[in-house]
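Asks: Residues in the sequence shown are numbered consecutively from 1, following my numbering.
Backbone N, C-alpha and C fix where the C-beta goes; we use that ideal spot for every residue, glycine too.
None of these values were measured; they are calculated from a predicted model.
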Amino acid sequence: MKKLNLLFIGMLSMSTIYAQDISDALRFSQDEIQGTARFRALSGAFGALGGDMSAVSLNPAGSAVFSRSQTSFTASNLDTENNTKYFNGIGNSNNSNFDINQAGAAFVFASSNNSPWRKFTLAVAYDRTNNFNNNWFAFGDNTNDDGQFSNSIASYFYDYADGKRLDEISALPGESLSDAYGEIGAVYGYAHQQAFLGFESFIIEPDDINNDANTQYFSNVASGDFNHDYTYAATGYNGKVSFNVATQYEDNVYLGLNLNSHFIDYNRSTLLFEENANSGSTVDFIEFENNLSTRGNGFSFQLGGIMKLSPEFRVGVSYDSPTWYTIEEETTQYLATDGNNGFIEIFPDVVNVYPQYKLQTPAKVTGSLAYVFANQGLISFDYSKKDYGKTKFEPESDAFFSDQNNIMTNVLTDASTYRIGGEYKHKLFSFRGGYRFEESPYVDGATVGDLNGFSLGLGYNFGNTKLDITYDQSERSFATPMYNVGLIETASIDRKNSNITLSLSFNI
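So, in structure tokens, the structure goes:
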């Protein structure tokens, strides 16, 4: 229905060249700790414990630990603070988001005979695996002394235009800019559209404007100092619904399987204002907006087991298969310039609808240990490893996807995650805490830095009903480029995520 509506507000174009890159792949390959308040209070260190609805999403054997059927619901408020630095500019932004991030039910069926298979469990669990709501801004004076204009957004349009024929990136006589933008996208693709925007806005000029075969260009923006004001705004989430079956063998062994349905809902908008007073510039103001909408669905499976080596000591292991996504994307753009040619505005009434593509995220292996102090408390440790260099766009026969996959192999690496959590019970109260450390998925360790986080939680047992509340916080640094082409200057971002989570669970 959405695409039908778009037909009334603009022309649909099907790009023959993809716009996906490594940041898209990594975004949907990473998971955040979500789930129940108890799960988050132990920083997700539940692989050898089970007995929690979100633990089922980590190790599918966890549902067999339940002694009775159970259901739970969780709401969480995420507060994100971003401190940015871009040359001489320092910015701070803060945004909050409240949502239902977990729900699930497990049904326990005990054996009615003397079978060593003591019980089996069927469960369905929804967990939000990542929250994409995030806003930040960066501003500052970008200065370059090398005599080039690479620190201007003009370099973005120049790099896309270089080597392309003039008649492939310009409007026909009498053709509207919207029609030309759509036709160029449909015939030549995304890269030609960017060159078109640069040419029609007078940011770039051909060496020979009277020659349709011209492939050489120069910029109307002179080198020097540039004032940049950049805004990033994103909404959306990754979600997973797990269909679980698990069983208990004798007193000490628990085995489980999850079949998972994944979905993506992601929207992002970026806006750049650039100003300059450089001698020789005939364009002194540029406004550039890009909007992206991503929808996708996928499938994965998980296998897991938990073993009680003694009444106190437990071990767990689980395997998460790759997630195989099918993804669709739409983009819109806006560009305005001001200078010697007056105010130029290009607002194509066009939605670029890209062909479906496949994304395969890397597999993950988790090993877990736990020690349970009778009814007094527990301590638990999880170790996970995921090789982000194995992230792949598909089909790999596509030359663009093959290049992107080679880039990911070289710049992404395997990353380990360490989680430790503990719980102490006093009468009807439970006191909890946890810590986690996640290594950077990048070889350079800077584009996305290591993550450190801690958690504190409290629970109260009413009998058949339990109420849990948790506060958790994590910090991570990023070096984020403005664009992947041309203007690749980075903004340094220190991000702090703080969550307050409330869960209610019932025996049923």
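1. Look at the Cβ atom of residue 134, then the Cβ atom of residue 84, and state whether they are nearer than 8 Å.
2. Beta-carbon within less than 8 Å of residue 213's beta-carbon, same chain only, minus the 5 sequence neighbours each way: which residues are those?
3. For residue 507, which of helix, strand or coil comes out of DSSP?
4. Below 8 Å between beta carbons: does that hold for residue 474 and residue 449?
5. Quick one: using the 10 Å Cβ neighbour count with 16 as the cut-off for buried, is residue 487 buried or exposed?
6. So, using beta-carbon positions, are residue 99 and residue 54 closer together than 8 Å?
7. Distance, Cα to Cα, residue 41 vs residue 357?
8. So, at 6 Å on beta carbons, what are the nonlocal neighbours of residue 390 in its own chain, with the 5 sequence-adjacent residues on each side left out?
9. Report the rounded CA-to-CA distance for residue 248 versus residue 461, giving the unit in angstroms.
10. What are the boundary residues of the alpha helix (DSSP H) that includes residue 81?
11. Just mark residue 501 as buried or exposed, buried being the case when its beta carbon has 16 or more other beta carbons within 10 Å.
12. Find the nearest neighbour of residue 268 within the set 242, 261, 237, judged by alpha-carbon distance.
13. Going by beta-carbon coordinates alone, are residue 510 and residue 387 separated by less than 8 Å?
14. Mark residue 395 as exposed unless 16 or more other C-beta atoms lie within 10 angstroms of its C-beta, in which case mark it buried.
15. Is residue 170 buried or exposed, if buried means 16 or more other CB atoms sit within 10 Å of its CB?
16. So, helix, strand or coil for residue 199, using DSSP?
17. Does the distance from the C-beta atom of residue 223 to that of residue 301 stay below 8 Å?
18. Can you give me the C-alpha to C-alpha distance between residue 306 and residue 246, rounded to a whole angstrom?
19. Quick one: measure Cβ to Cβ for residue 341 and residue 202, integer angstroms, because I've assumed they're closer than 8 Å.
20. I need the straight-line Cα distance from residue 377 to residue 443, nearest angstrom please.
21. Look up residue 374 in the DSSP assignment and say whether it is helix, strand or coil.
22. What does a CB cutoff of less than 6 Å around residue 234 pick up in its chain, not counting 5 residues either side in sequence?
23. With a CB to CB cut of under 7 Å and the five nearest residues on each side skipped, what residues in its chain are close to residue 25?
24. Look at the alpha carbon of residue 337 and the alpha carbon of residue 232, and state the distance between them as a whole number of angstroms.
25. For a test of the three-state rule: what should DSSP assign to residue 60, helix, strand or coil?
26. Look at residue 316 and residue 491 and say whether their C-beta atoms are less than 8 Å apart.
27. So, at 6 Å on beta carbons, what are the nonlocal neighbours of residue 499 in its own chain, with the 5 sequence-adjacent residues on each side left out?
28. Determine the DSSP secondary structure at residue 457, reduced to helix, strand or coil.
29. Could you check where the beta strand (DSSP E) with residue 523 kicks off and where it finishes?
30. Taking C-beta to C-beta, are residue 64 and residue 121 nearer than 8 Å?
31. Out of curiosity, what's the CA-to-CA distance linking residue 276 and residue 348?
32. Measure the C-alpha to C-alpha separation of residue 421 and residue 227 and round it to an integer number of angstroms.
33. In whole angstroms, give me the CA-to-CA distance for residue 385 and residue 28.
34. Out of 495, 503, 86, 161, which one is the CA nearest neighbour of residue 465?
35. Can you find at least 3 beta carbon pairs, one from the segment 44-58 and one from the segment 88-108, that sit closer than 8 Å?
36. Here's the rule: buried if 16 or more other CB atoms are within 10 angstroms of the residue's CB, otherwise exposed. What is residue 374?
Replies: Put simply:
1. Residue 134 sits at position 134 when you count from the first residue of the sequence shown. Residue 84 sits at position 84 when you count from the first residue of the sequence shown. Cβ atoms of residue 134 and residue 84: not closer than 8 Å.
2. For the purposes of this step, residue 213 is taken as residue 213 along the sequence shown, with counting starting at 1. Closer than 8 Å at Cβ, skipping near neighbours: 165, 166, 167.
3. For the purposes of this step, residue 507 is identified with residue 507 of the sequence shown, where counting begins at 1. Note: residue 507 maps to strand in three-state DSSP.
4. Position 474 of the sequence shown holds residue 474. Position 449 of the sequence shown holds residue 449. Not closer than 8 Å, so no.
5. Taking the first residue of the sequence shown as 1, we reach residue 487 at position 487. Buried, by the Cβ-count rule.
6. Stepping through the sequence shown from its first residue, residue 99 is reached at position 99. Stepping through the sequence shown from its first residue, residue 54 is reached at position 54. In this structure, residue 54 does not lie closer than 8 Å to residue 99 by Cβ.
7. Against the sequence shown, residue 41 aligns to sequence position 41. Against the sequence shown, residue 357 aligns to sequence position 357. Rounded to whole angstroms, residue 41 to residue 357 spans 37 Å at the Cα level.
8. By one-based count along the sequence shown, residue 390 stands at place 390. Within the same chain, residue 390 has close Cβ partners 362.
9. Taking the sequence shown and counting its residues from 1, one reaches residue 248 at position 248. Taking the sequence shown and counting its residues from 1, one reaches residue 461 at position 461. Each residue's alpha carbon lies about 25 Å from the other.
10. Position 81 of the sequence shown holds residue 81. Note, residue 81: premise wrong, no alpha helix (DSSP H); beta strand (DSSP E) at 70-86.
11. Numbered from its first residue, the sequence shown carries residue 501 at position 501. That one is buried.
12. One-based indexing of the sequence shown puts residue 268 at position 268. Checking every option, the nearest Cα to that of residue 268 belongs to 237.
13. Examination of residue 510 is not possible in this model, given that the chain is present from 1 through 508 alone.
14. One-based indexing of the sequence shown puts residue 395 at position 395. Exposed, by the Cβ-count rule.
15. Locating residue 170 in the sequence shown gives position 170, where the first residue counts as 1. Label assigned to residue 170: buried.
16. The residue given as residue 199 occupies position 199 in the sequence shown. Residue 199 falls in the helix class under three-state DSSP.
17. Translated into positions along the sequence shown, residue 223 becomes position 223. Translated into positions along the sequence shown, residue 301 becomes position 301. No, the pair does not count as a contact, with Cβ atoms beyond the cut-off.
18. Taking the sequence shown and counting its residues from 1, the one referred to as residue 306 is at position 306. Taking the sequence shown and counting its residues from 1, the one referred to as residue 246 is at position 246. Roughly 11 Å separates the two Cα atoms.
19. Taking the first residue of the sequence shown as position 1, residue 341 is located at position 341. Taking the first residue of the sequence shown as position 1, residue 202 is located at position 202. Yes, residue 341 and residue 202 are in contact; Cβ-Cβ is about 5 Å, under 8 Å.
20. Within the sequence shown, the letter at position 377 stands for residue 377. Within the sequence shown, the letter at position 443 stands for residue 443. When rounded, the distance between both Cα atoms is 39 Å.
21. Numbered from 1 along the sequence shown, position 374 holds the residue referred to as residue 374. Note: residue 374 maps to coil in three-state DSSP.
22. Mapped onto the sequence shown, residue 234 falls at position 234. Counting only Cβ-Cβ distances below 6 Å, and skipping sequence neighbours, we find 132, 134, 268.
23. Stepping through the sequence shown from its first residue, residue 25 is reached at position 25. The answer, listed in chain order, is 359, 391, 393, 408.
24. As a first step, residue 337 must be located in the sequence shown, where it is residue number 337. As a first step, residue 232 must be located in the sequence shown, where it is residue number 232. When rounded, the distance between both Cα atoms is 20 Å.
25. Sequence index remark: in the sequence shown, residue 60 carries index 60 (1-based). Reduced to three states, the DSSP call for residue 60 is helix.
26. Here residue 316 refers to the residue found at position 316 of the sequence shown. Here residue 491 refers to the residue found at position 491 of the sequence shown. Going by C-beta atoms, residue 316 is not nearer than 8 Å to residue 491.
27. To locate residue 499, count along the sequence shown from 1; it is residue 499. Correct list, in chain order: 76, 78, 472.
28. Residue 457 sits at position 457 when you count from the first residue of the sequence shown. Of the three classes helix, strand and coil, the one that applies to residue 457 here is strand, per DSSP.
29. As shown, the chain starts at 1 and ends at 508. That puts residue 523 outside it, with no answer to give.
30. Start at 1 with the first residue of the sequence shown, and residue 64 comes out as number 64. Start at 1 with the first residue of the sequence shown, and residue 121 comes out as number 121. Cβ distance < 8 Å, so residue 64 and residue 121 count as in contact.
31. Within the sequence shown, numbered from 1, the residue matching residue 276 stands at position 276. Within the sequence shown, numbered from 1, the residue matching residue 348 stands at position 348. About 25 Å.
32. In the sequence shown, residue 421 corresponds to position 421, counting from 1. In the sequence shown, residue 227 corresponds to position 227, counting from 1. Those two C-alpha atoms are separated by around 47 Å.
33. Taking the first residue of the sequence shown as position 1, residue 385 is located at position 385. Taking the first residue of the sequence shown as position 1, residue 28 is located at position 28. The straight-line gap from Cα to Cα measures roughly 17 Å.
34. Counting from 1 along the sequence shown, the entry for residue 465 is found at position 465. The option with the nearest alpha carbon to residue 465 is 503.
35. yes
36. Sequence index remark: in the sequence shown, residue 374 carries index 374 (1-based). Classification of residue 374: exposed, given that the 10 Å Cβ count is below 16.
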